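Those protein sequences? They're chains A and B, same order as listed.
Under this note's numbering, the residue at position 157 of the first sequence is numbered 271, and the numbers go up by one with no gaps.
Under this note's numbering, the residue at position 29 of the second sequence is numbered 143, and the numbers go up by one with no gaps.
Protein chains: 2
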Amino acid sequence: MRIGELSRRTGVPVPTIKYYLREGLLPAGELTSPNQASYGDAHERRLRLVRALLEVGGLSVAAIGEVLAAVDDGDGPVHDLLGAAATRLVPEYGGGGASAGASGSAGGGAADAETVLARERVARLIEDRGWRIASGNKAAEALVAALASLGRVGHGGFVALLDDYAEAAERVGRIDLDYVARRVAREDLVESVVVGTVLGDAVFAALRRMAQVDASARTFGEEAPTA
Amino acid sequence: MRIGELSRRTGVPVPTIKYYLREGLLPAGELTSPNQASYGDAHERRLRLVRALLEVGGLSVAAIGEVLAAVDDGDGPVHDLLGAAATRLVPEYGGGGASAGASGSAGGGAADAETVLARERVARLIEDRGWRIASGNKAAEALVAALASLGRVGHGGFVALLDDYAEAAERVGRIDLDYVARRVAREDLVESVVVGTVLGDAVFAALRRMAQVDASARTFGEEAPTA
DNA sequence: TGCTATCTGATAGTGTCACTATCTATGATG
DNA sequence: CATCATAGATAGTGACACTATCAGATAGCA
Numbered sequence: 115m116r117i118g119e120l121s122r123r124t125g126v127p128v129p130t131i132k133y134y135l136r137e138g139l140l141p142a143g144e145l146t147s148p149n150q151a152s153y154g155d156a157h158e159r160r161l162r163l164v165r166a167l168l169e170v171g172g173l174s175v176a177a178i179g180e181v182l183a184a185v186d187d188g189d190g191p192v193h194d195l196l197g198a199a200a201t202r203l204v205p206e207y208g209g210g211g212a213s214a215g216a217s218g219s220a221g222g223g224a225a226d227a228e229t230v231l232a233r234e235r236v237a238r239l240i241e242d243r244g245w246r247i248a249s250g251n252k253a254a255e256a257l258v259a260a261l262a263s264l265g266r267v268g269h270g271g272f273v274a275l276l277d278d279y280a281e282a283a284e285r286v287g288r289i290d291l292d293y294v295a296r297r298v299a300r301e302d303l304v305e306s307v308v309v310g311t312v313l314g315d316a317v318f319a320a321l322r323r324m325a326q327v328d329a330s331a332r333t334f335g336e337e338a339p340t341a
Numbered sequence: 115m116r117i118g119e120l121s122r123r124t125g126v127p128v129p130t131i132k133y134y135l136r137e138g139l140l141p142a143g144e145l146t147s148p149n150q151a152s153y154g155d156a157h158e159r160r161l162r163l164v165r166a167l168l169e170v171g172g173l174s175v176a177a178i179g180e181v182l183a184a185v186d187d188g189d190g191p192v193h194d195l196l197g198a199a200a201t202r203l204v205p206e207y208g209g210g211g212a213s214a215g216a217s218g219s220a221g222g223g224a225a226d227a228e229t230v231l232a233r234e235r236v237a238r239l240i241e242d243r244g245w246r247i248a249s250g251n252k253a254a255e256a257l258v259a260a261l262a263s264l265g266r267v268g269h270g271g272f273v274a275l276l277d278d279y280a281e282a283a284e285r286v287g288r289i290d291l292d293y294v295a296r297r298v299a300r301e302d303l304v305e306s307v308v309v310g311t312v313l314g315d316a317v318f319a320a321l322r323r324m325a326q327v328d329a330s331a332r333t334f335g336e337e338a339p340t341a
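In structure tokens, the structure reads:
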């Protein structure tokens, strides 16, 4: 198929497809002549994946490029492969905030009090749960950042929920892995991780909100909920 | 305190604070003279909240403005209040993708096959679980969008996990509400929802990734995991 | 009183990002 | 052979979250 049909099938404008090609999100079509290329089902599939990661997953074009690169050159032990894919899916956080008032800690990789506390809490969690995770893991760092941030806004008490959260997360993580493990082909496997992680986040977040609404209705509201 | 100290305490540059003031994310300081204003602890707290929502929660400045407006004019039944806050926290998704090839469905609010399917699935889920949610709920719509997207990228099979996900989400939702319900003051309550929802997403997403890594290590890797 | 650092409020500029528009030369298709 | 679509290149757009600069006024101290 030519680029026009690819566009029609996916709803993505032709110039945008060209843009993705330039950015390497989409492999080039097969040139049948100097100014004519043909695209296959793989392109269509990949294009849909890109759009899903962009729109539902909220990834940047650059991040998608990295992730897809990992999808494409899958070799090495399966566990490392999954780790590599998953690592790229953790969003980066800014710097955190404010080496507050008092002392001026000069150093380079300075960490404020909240971060130190959060890091300890996370390390303890990993140990308590017996999770096999390197302590410098990016997801763990993201958790540290989130907890530190909670501390800073005066919701340090939130960490009391951490164990319950972890319990639920462990359950979900097992479900995810079961799903992924059913995929046979290697490329499918990594793609499943990407899809499952990114879209899975969106799915779970939506479910959590729904559950919250329900819980709120049961606790506070006696009447039918408002839209 | 004056704006300079507010900046020093939070690590947010003065021009940025002014920008937030202009955008209404921060209430104006109390003018002590035509060109001198003083800020209090409430400003500092609010500013930290704004940064947390921006950096960890990934909300846009505009979205934060809306959410904070809801936080500030909290009145009406508690359940509605929570609903209003939570509703604003659901990210908007683009259009979805591609009214694929074949038929040209003319209408205005047209929905493709995947969306229709997803909507049915979500309706069934709500019914099965007995959740007290209006079917047009924004979180439910977000779930529909995510499931439709999954279908489009060829991972329709993912919906098989939905019940297990919902089970975990229900658990987390109850935990969240318990946390929120402990807050007495009304403003604190809504703020807790905001913080708990936005930062809670980040916390859970991080935990899920960690749990996935652990599950992967147990399933595929015999050795220590790689960073 | 003079002096400097800081402040308010206003306006304009910056860098990034995800596209989008335009153009040329070429090929496909009826 | 006329019309349309295409590849590839370059430049432009609009949204967004700041960031810079300025004028005029004030704070606080020698």
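Each residue gets a CB set at the ideal place from its N, CA and C atoms; glycine is no exception.
This one's a predicted model, so the numbers in the text were calculated from it and none came from an experiment.
{"query": "Option in B/Ala256, B/Leu303, B/Arg116 with minimal Cα separation from B/Lys132", "result": "B/Arg116"}
{"query": "Given B/Ser330 as reference, the closest of A/Asp194, A/Phe318, A/Leu173 once Cα atoms are compared", "result": "A/Asp194"}
{"query": "Where B/Val128 falls, given that 16 or more other Cβ within 10 Å makes a residue buried", "result": "exposed"}
{"query": "Residues bridged to A/Ala151 [DSSP beta-bridge criterion]", "result": "A/Leu145"}
{"query": "Selection from B/Asp315, B/Phe334, B/Thr333 that minimises the alpha carbon distance to B/Leu203", "result": "B/Asp315"}
{"query": "Where B/Thr333 meets chain A, residues with beta-carbon distance less than 7 Å", "result": "Leu291, Ala295"}
{"query": "is_contact[A/Arg162, chain B] using C-beta, thresh 8 Å", "result": "yes"}
{"query": "Range of the contiguous alpha helix (DSSP H) that encloses B/Ile117", "result": "117-124"}
{"query": "Cβ pair A/Val347, B/Leu264 closer than 8 Å", "result": "Since the first residue of chain A shown is 115 and the last is 341, residue 347 of chain A is not available in this structure."}
{"query": "Counted within 10 angstroms of its Cβ, other Cβ atoms place B/Asp290 as buried (16 or more) or exposed", "result": "buried"}
{"query": "8 Å Cβ cutoff met for B/Val286 and B/Phe318", "result": "yes"}
{"query": "Stretch pair the segment 231-251 of chain B + the segment 294-306 of chain A: three plus CB contacts closer than 8 Å", "result": "no"}
{"query": "For A/Leu140 and A/Val164, believed in contact at Cβ under 8 Å, the rounded distance", "result": "7 Å"}
{"query": "Cut-off 7 Å between Cβ atoms - residues of its own chain near A/Val258, not counting five sequence neighbours on either side", "result": "Thr229, Ala232, Arg233, Val236"}
{"query": "Closer than 8 Å to chain B by CB, A/Asn251", "result": "yes"}
{"query": "Which of helix, strand or coil DSSP assigns to B/Phe318", "result": "helix"}
{"query": "Cβ neighbour criterion (16 or more within 10 Å) applied to A/Thr146", "result": "exposed"}
{"query": "B/Ser263: first and last residue of the uninterrupted alpha helix (DSSP H) it sits in", "result": "252-266"}
{"query": "Assigned exposure category for B/Gly250 - 16 Cβ within 10 Å defines buried", "result": "exposed"}
{"query": "Cβ shell of B/Val185 (< 6 Å), same chain only, five flanking positions each side left out", "result": "Val304, Glu305"}
{"query": "Proximity of B/Arg322 and A/Ala262 at Cβ, strictly below 8 Å", "result": "no"}
{"query": "Cβ of B/His193 within 8 Å of any chain A Cβ", "result": "yes"}
{"query": "Residues of its chain near A/Val294, where Cβ-Cβ distance is below 8 Å and the 5 sequence neighbours each way are ignored", "result": "Leu196, Leu303, Ser306, Val307, Gly310"}
{"query": "Neighbour-count burial assignment, B/Ala156, 16 or more Cβ in a 10 Å radius", "result": "exposed"}
{"query": "Secondary structure of B/Arg246, DSSP reduced to three states", "result": "coil"}
{"query": "Selection from A/Ser152, A/Leu168, A/Met324 that minimises the alpha carbon distance to B/Thr201", "result": "A/Met324"}
{"query": "Per-residue contacts from B/His269 into chain A (C-beta, under 8 Å)", "result": "Ser306, Val309, Gly310, Leu313"}
{"query": "Chain A contact residues for B/Glu284, given Cβ-Cβ distances below 7 Å", "result": "Ala325"}
{"query": "Residues of its chain near B/Gln150, where Cβ-Cβ distance is below 8 Å and the 5 sequence neighbours each way are ignored", "result": "Arg116"}
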